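Quick notes on the structure that follows.
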Amino acid sequence: KESRCQWTNDCDATLVRTLLACKEQGLQSDSGWKPVVWTQCAEALKDTPGPVKTAEKCQ
């Protein structure tokens, strides 16, 4: 069984900052975020507490 991610206020802030940066880079379409965005979010969150936050868990 996988461990559940721990989301803190800092994690939320990092995720929002990353999504805003990706939006400014044009990585959002009418139907949602491009797949690379979730990889960038996971990379931004790699040093946060708890289990690894994968691209899939960031969605």
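The numbering of the sequence shown is the working numbering, which starts it at 3 and goes up by one.
The C-beta atom is built at its ideal place from N, Cα and C for all residues, glycine as well.
Fair warning: this is a prediction, and the values are worked out from it, not measured in the lab.
- In chain order, P53 place their CB closer than 6 angstroms to the CB of S5, counting only its own chain and leaving out the 5 sequence neighbours on each side.
- In chain order, W35, K36, V38, V39 place their CB closer than 7 angstroms to the CB of L29, counting only its own chain and leaving out the 5 sequence neighbours on each side.
- Within the same chain, C7 come within 7 angstroms of K59 by CB-CB distance, once the 5 residues on both sides are set aside.
- Exposure of K25 is indicated by the presence of fewer than 16 other C-beta atoms within 10 angstroms of its C-beta.
- The beta carbons of T41 and A23 sit no closer together than 7 angstroms.
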